[in-house]
Amino acid sequence: MPAERVSMRQIREVLRLRFASELPQRGIAKSLGLSQGAVSGYLSRARAAGVSWPLPADLDDEQLEALLFPAPPAIAGDQRPMPDWAWVHRELRRPNVTLALLWEEYRAGAPDGFGYSWFCDLYRGWAGRLKPTMRQTHIAGEKLFVDFAGRTGEIVDGLTGEIIPVQIFVAVLGASNFTYAEAVWSQKLPDWIAAHVRAFAYFGGVARQTVSDNLKAGITKACFHEPMVNRTYADMARHYGTAIVPARPYKPRDKAKVEVGVQVVGRWILARLRHRRFFSLAELNAAIRALLKELNNRVMRGWGTSRQALFEQLDIPALGSLPPLPYEYAEWKRCRVGLDYHVEIAKHYYSVPHQLLRQEVEAR
90 MPAERVSMRQ IREVLRLRFA SELPQRGIAK SLGLSQGAVS GYLSRARAAG VSWPLPADLD
150 DEQLEALLFP APPAIAGDQR PMPDWAWVHR ELRRPNVTLA LLWEEYRAGA PDGFGYSWFC
210 DLYRGWAGRL KPTMRQTHIA GEKLFVDFAG RTGEIVDGLT GEIIPVQIFV AVLGASNFTY
270 AEAVWSQKLP DWIAAHVRAF AYFGGVARQT VSDNLKAGIT KACFHEPMVN RTYADMARHY
330 GTAIVPARPY KPRDKAKVEV GVQVVGRWIL ARLRHRRFFS LAELNAAIRA LLKELNNRVM
390 RGWGTSRQAL FEQLDIPALG SLPPLPYEYA EWKRCRVGLD YHVEIAKHYY SVPHQLLRQE
450 VEAR
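Residue numbers (our numbering): 90 to 453.
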């Protein structure tokens, strides 16, 4: 039962406004003074119950309520194994572990166990609560959101047994939520750039804008009005024909899409790999890539379709073409031309035109 239970008269009005007036959920919520979550919940119940519009003339409020809010079936305790809720509660404290993942693991050991909805309801009755979620809309092919996940992966040194943390790069296309993720050694500029190059190749195209958090590797000056993009990062963007758009400080909506993507990658990929050991970056990325395919092909709740399907329908036709060759990493350095018409770069000397004597130049 939803948190905002209203009269059946109002629920009838929700159905009328949606199916007869074709009002969007936000408009219905505003018109009736309900939350969008409540409106969405009533419409979902109507679809699940097979309720169509117009409602039958002889369907009274009591009958409609029985259709939309059926009584829970009687379940004999000895027929379905009861989960260990204390263990569930402890596991939920782990980063990125969700009820959905724990239910899947529970059903793997008990195929005749509770369905997902009942699993959640029973857990909430024991100790839990739901967290609200938000959703934004973006134009196809317009924006790619990139960031590093807060949680790291792990590589085991096969010789010493040392645990080496690695960073998780995440890229999410705004329109379709199509997601790319990979593990890299660090958040430094070479790894940051290389991860972008591989992400563009994975998507098979380039969005018009690349929205980046104010990571030091890419944004050298995080200013609200005039953020400064690293020269190499800007060079890469020029190569691919995309524009780097730094997320504004203190504006969480600017990066909400990638933060949700980071959360999804954590829950759907990293959490599933938490019991496995990897001895190389390639081995970890192979496991990530396999789960990434599963994630993108999974039907999203509330959307009725998958990221892959939306990617093919929306983003692929709108993405810019990849250049003939991938970007080759290079750094920029400011240096002064010596009296011998040479500049020193990485302990090597290169000649320049004599007209540049004693001038400051930029070398790539």
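Ideal Cβ positions, reconstructed from N, Cα and C, are used throughout, including at glycine. In this text the structure is predicted, and so the values were computed from the model without any measurement.
Three or more beta-carbon pairs under 8 Å between the region 243-252 and the region 286-297, yes or no?
no
How would you label residue 294, buried or exposed, when you count the other beta carbons within 10 angstroms and need 16 or more for buried?
Mapped onto the sequence shown, residue 294 falls at position 205. It is buried - the Cβ of residue 294 has at least 16 other Cβ atoms within 10 Å.
How is residue 253 classed by DSSP in three states: helix, strand or coil?
Taking the sequence shown and counting its residues from 1, one reaches residue 253 at position 164. Residue 253: strand per DSSP, three-state reduction.
Is residue 206 close to chain C, meaning its C-beta is less than 7 Å from at least one C-beta of that chain?
As a matter of chain content, chain C is missing from the structure shown, which is built from one protein chain.
Closer than 6 Å by C-beta to residue 188: which residues in its own chain qualify, once you throw out the five before and the five after it? Chain order, please.
As a position in the sequence shown, residue 188 is number 99, starting the count at 1. Counting only Cβ-Cβ distances below 6 Å, and skipping sequence neighbours, we find 209.
In three-state terms, what does DSSP make of residue 409?
By one-based count along the sequence shown, residue 409 stands at place 320. Strand at residue 409.
Taking the continuous alpha helix (DSSP H) assigned at residue 289, which residues delimit it?
In the sequence shown, the residue the question calls residue 289 occupies position 200. Where residue 289 is concerned, the enclosing alpha helix (DSSP H) stretches over 278-292.
When you compare only the Cα positions, how much space is there between residue 368 and residue 249?
One-based indexing of the sequence shown puts residue 368 at position 279. One-based indexing of the sequence shown puts residue 249 at position 160. Cα-Cα distance, rounded: 11 Å.
Near residue 416, what residues of its chain come up, given a Cβ to Cβ distance below 6 Å and the 5 sequence neighbours on each side ignored?
Here the question's residue 416 lines up with position 327 in the sequence shown. Here the set comprises 286, 325, 328.
DSSP three-state label for residue 100, please.
Taking the first residue of the sequence shown as 1, we reach residue 100 at position 11. Note: residue 100 maps to helix in three-state DSSP.
Check whether residue 259 and residue 350 have beta carbons under 7 Å apart:
On the sequence shown, residue 259 is found 170 positions in, with the first residue counted as 1. On the sequence shown, residue 350 is found 261 positions in, with the first residue counted as 1. Taking 7 Å as the Cβ cut-off, residue 259 and residue 350 qualify as a contacting pair.
In angstroms with no decimal places, state the Cα-to-Cα distance between residue 380 and residue 194.
As a position in the sequence shown, residue 380 is number 291, starting the count at 1. As a position in the sequence shown, residue 194 is number 105, starting the count at 1. Distance between the alpha carbons of residue 380 and residue 194 is about 16 Å.
What do you reckon, are the CB atoms on residue 153 and residue 138 nearer than 7 Å?
In the sequence shown, the residue the question calls residue 153 occupies position 64. In the sequence shown, the residue the question calls residue 138 occupies position 49. No. Outside cutoff.
On the DSSP bridge assignment, give the partners of residue 273 in chain order.
Position 184 of the sequence shown, counting from 1, holds the residue named residue 273. Its beta-bridge partners are 256.
Got a sec? Which residues, its chain only, sit under 8 Å from residue 144 by beta carbon, not counting five neighbours each side?
Here residue 144 refers to the residue found at position 55 when the sequence shown is read from its first residue. Taken in chain order, the residues that qualify are 101, 104, 153.
Should residue 377 and residue 358 be called a contact, given that it needs their Cβ atoms to be closer than 7 Å?
For the purposes of this step, residue 377 is taken as residue 288 along the sequence shown, with counting starting at 1. For the purposes of this step, residue 358 is taken as residue 269 along the sequence shown, with counting starting at 1. It is a contact, given that the beta carbons lie within the stated cut-off.
Identify which residue in 299, 347, 362, 116 has its Cα closest to the Cα of residue 409.
Here residue 409 corresponds to residue number 320 of the sequence shown, with the count starting at 1. Among 299, 347, 362, 116, the Cα nearest to that of residue 409 is on 299.
Does DSSP put residue 355 in a helix, in a strand, or in coil?
Translated into positions along the sequence shown, residue 355 becomes position 266. Here residue 355 sits in helix by DSSP.
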